[in-house]
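> What follows is a single structure, and I will ask about it in a moment.
There are 2 protein chains.
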Amino acid sequence: MSVSKTIPVAWQRAHDHGQCIAPAINAAARICESRGIRLTPLRRRVLELVWENHKPVGAYGLLDELKREHSSAAPPTIYRALDFLVEQGLVHRIQSLNAYVGCNDPGHSHKGMFLICNDCGDALEIEDKGVANTIDRFASRLGFLLTSQSVEAAGLCPGCQEA
Amino acid sequence: MSVSKTIPVAWQRAHDHGQCIAPAINAAARICESRGIRLTPLRRRVLELVWENHKPVGAYGLLDELKREHSSAAPPTIYRALDFLVEQGLVHRIQSLNAYVGCNDPGHSHKGMFLICNDCGDALEIEDKGVANTIDRFASRLGFLLTSQSVEAAGLCPGCQEA
DNA sequence: TATTGTTATGATATAATATAACAATATCCG
DNA sequence: CGGATATTGTTATATTATATCATAACAATA
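Each protein sequence line maps, in turn, to chains A and B. Here this note's numbering is used: position 97 in the first sequence is 85, and no number is missing along the way. Here this note's numbering is used: position 122 in the second sequence is 110, and no number is missing along the way.
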């Protein structure tokens, strides 16, 4: 599944995180350790499964994978793990897909946004202070106390426009 | 349910759309007429129900209301009507709530964003070219062809911060 | 090491949200 | 009118998510 050279680097990276799994797990372990919380074997494994999928995966997709090696897994098993990972900012939930994807830059503020391809299903996480700041300004102008924000845009990625 | 005077006007409006139902329906009727599509009695009624709720409502909440007067209504009934209304930009879907809310400004481009109160559940629609344009720029810089975008921020509205 | 409080997981059931598929009507338009 | 298209009815099922209570692992303290 090689990607044309005309496609911007940032998007290519989304297709190429096969090598990102181990570093992501290590980073997660360090973050959890520094926060004094536990990345248990189960949580770690779910995080790996999220990364092993190269696209956003649904909870039940992850559950099926987990069940193969962990027969006691049930919906609450996966949802608890995902809730934990999302709370800690190690995984993002894509609201418009009811799906989960590993965070490229955990430990930071998580004001990212996603570009989601309707064709191949891939999602590119973008760090963008501009959008986040604009939302912050709006909120404070209206007296609204922000706790989270979700910015998702859908369309066609460069690769999928060619077809 | 009066609102403190210290609360910005824009937010108050979200609490005060009791008077907005009829104009919203009329606007919808005009828009559909001009597009040569049919705002059938069923679709019109669902749109009214969306507006009669002063907050985002789920599909099954709407279905329960519709059933009282339309006993044949079933899940497909409400989802079809909602799909139509969303497609036509008369209703917005709030992804993070799986809920629907009337569009304050139908006929326009729908690059709005929502501020959603975690306490009272109300959602304020904001027209904001800044965020939309930033997303557009990002997308075109990456060669991504945008078709839709969803910007949702959650937190506490002014009224709910007082408690 | 007991005890106790806290956090995490197991297990079962069910709630909540959404769609598939096909039949029956209604509406449009030649 | 009559055929094509769009809308609604109907039943069944898929998909996503939580409630609940029991048990196990871990942490802190005495």
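Note that beta-carbon positions come from the ideal geometry of N, C-alpha and C, so glycine has one too. Small disclaimer: the values here were computed from a predicted structure and weren't measured.
1. Please check if any C-beta of chain B sits within less than 8 Å of the C-beta of A:E113.
2. Thinking C-alpha only, which one of B:G100, B:I13, B:R33, B:I104 is nearest B:I66?
3. Which residue marks the beginning of the alpha helix (DSSP H) containing B:S138, and which one marks its end?
4. Hey, is B:G77's beta-carbon within less than 8 Å of any beta-carbon in chain A?
5. Within the 8 Å Cβ cut-off, does B:N106 reach chain A?
6. Using a Cβ cut-off of 8 Å (strictly closer), state whether B:S97 contacts chain A.
7. Go through its chain and collect everything with a Cβ distance to B:M(-11)'s Cβ below 6 Å, but skip five positions before and after it.
8. Could you check whether B:G118 and A:T122 sit closer than 8 Å to each other, using their CB atoms as the reference points?
9. Going by DSSP, what residue range makes up the alpha helix (DSSP H) through B:L210?
10. Which of helix, strand or coil does DSSP assign to B:D81?
11. Report the option in B:N106, B:A62, B:E75, B:E113 whose CA atom is closest to the CA atom of B:C20.
12. DSSP puts B:E113 in a beta bridge; with which residues?
13. Using beta carbons (cut-off 8 Å, strictly below), is A:P63 in contact with chain B?
14. For B:G49, report the span of its alpha helix (DSSP H) as first-last.
15. Mind checking the stretch 123 to 141 of chain A against chain B and listing, in chain order, the residues whose C-beta falls within less than 7 Å of any C-beta there?
16. Could you work out which residue in A:C145, A:P146, A:A127, A:G131 is closest to A:Q137 when comparing CA atoms only?
17. What residue from A:I9, A:D93, A:R26 has the CA that sits closest to A:H42's CA?
18. Can a CB atom of chain B be found closer than 8 Å to the CB of A:G143?
19. Closer than 8 Å by C-beta to B:L30: which residues in its own chain qualify, once you throw out the five before and the five after it? Chain order, please.
20. Does the CB of A:V(-9) have a neighbour CB from chain B at under 8 Å?
21. Using a threshold of 8 Å, state whether the C-beta atoms of A:G95 and A:E113 are closer than that.
22. May I ask you to report which of helix, strand or coil DSSP gives A:A87?
23. Using the rule of at least 16 other Cβ atoms within 10 Å of the residue's Cβ for burial, across every protein chain shown, is B:Y48 buried or exposed?
24. Anything in chain A within Cβ reach of B:G46, meaning under 7 Å, just list it in chain order.
25. Do B:L73 and B:L35 have their CB atoms nearer than 8 Å?
Answer, in terms of the structure:
1. As a first step, residue 113 of chain A is located in the first sequence; it is residue number 125 there, counting from the start. For A:E113, the answer is no, since every Cβ of chain B falls outside 8 Å of its Cβ.
2. Mapped onto the second sequence, residue 66 of chain B falls at position 78. The residue with the shortest Cα to Cα distance from B:I66 is B:R33.
3. In the second sequence, residue 138 of chain B corresponds to position 150, counting from 1. Segment 133 to 144 is the beta strand (DSSP E) holding B:S138; no alpha helix (DSSP H) there.
4. As a position in the second sequence, residue 77 of chain B is number 89, starting the count at 1. No, no contact with chain A.
5. Here the question's residue 106 of chain B lines up with position 118 in the second sequence. Closer than 8 Å: yes.
6. Counting from 1 along the second sequence, the entry for residue 97 of chain B is found at position 109. Not one chain A Cβ lies under 8 Å of B:S97.
7. Translated into the one-based positions of the second sequence, residue -11 of chain B becomes position 1. The pLDDT assigned to B:M(-11) is 42, lower than 50, so where the model puts this residue is not dependable, and the model offers no usable value.
8. As a first step, residue 122 of chain A must be located in the first sequence, where it is residue number 134. As a first step, residue 118 of chain B must be located in the second sequence, where it is residue number 130. Going by C-beta atoms, A:T122 is nearer than 8 Å to B:G118.
9. Not covered by the structure: residue 210 of chain B. The range shown for chain B is -11 to 151.
10. Translated into the one-based positions of the second sequence, residue 81 of chain B becomes position 93. A small correction: the amino acid at residue 81 of chain B is Arg; Asp does not occupy that position in the sequence shown. Strand.
11. To locate residue 20 of chain B, count along the second sequence from 1; it is residue 32. Here the closest residue by C-alpha is B:E75.
12. One-based indexing of the second sequence puts residue 113 of chain B at position 125. In the DSSP output, where bridge partners are listed per residue, B:E113 has B:F102.
13. Position 75 of the first sequence, counting from 1, holds the residue named residue 63 of chain A. Taking Cβ atoms only, chain B never reaches closer than 8 Å to A:P63, which makes this a no.
14. Here residue 49 of chain B is taken as the residue at index 61 of the second sequence, counted from 1. Residues 47 to 57.
15. I123, F126, A127, L130, G131, F132, L133, L134, T135, S136, Q137, S138, V139, E140, A141
16. By one-based count along the first sequence, residue 137 of chain A stands at place 149. It is A:A127 whose Cα lies nearest to the Cα of A:Q137.
17. One-based indexing of the first sequence puts residue 42 of chain A at position 54. Comparing Cα positions, the closest option is A:I9.
18. Counting from 1 along the first sequence, the entry for residue 143 of chain A is found at position 155. Yes, A:G143 counts as interfacial toward chain B.
19. Taking the first residue of the second sequence as 1, we reach residue 30 of chain B at position 42. H58, T65, A69, listed in sequence order.
20. For the purposes of this step, residue -9 of chain A is taken as residue 3 along the first sequence, with counting starting at 1. Only weak support exists for where A:V(-9) lies, its pLDDT of 43 falling under 50; the value from the coordinates is given anyway. For A:V(-9), the answer is no, since every Cβ of chain B falls outside 8 Å of its Cβ.
21. The count along the first sequence starts at 1 and reaches residue 95 of chain A at position 107. The count along the first sequence starts at 1 and reaches residue 113 of chain A at position 125. Not a contact, by the Cβ cut-off of 8 Å.
22. Taking the first residue of the first sequence as position 1, residue 87 of chain A is located at position 99. A:A87 falls in the strand class under three-state DSSP.
23. Within the second sequence, the letter at position 60 stands for residue 48 of chain B. It is exposed - the Cβ of B:Y48 has fewer than 16 other Cβ atoms within 10 Å.
24. Here residue 46 of chain B refers to the residue found at position 58 of the second sequence. Near B:G46 there are no residues of chain A at all, since even the closest Cβ is about 15 Å away, more than 7 Å.
25. Here residue 73 of chain B refers to the residue found at position 85 of the second sequence. Here residue 35 of chain B refers to the residue found at position 47 of the second sequence. Yes, Cβ-Cβ distance for B:L73 and B:L35 is below 8 Å.
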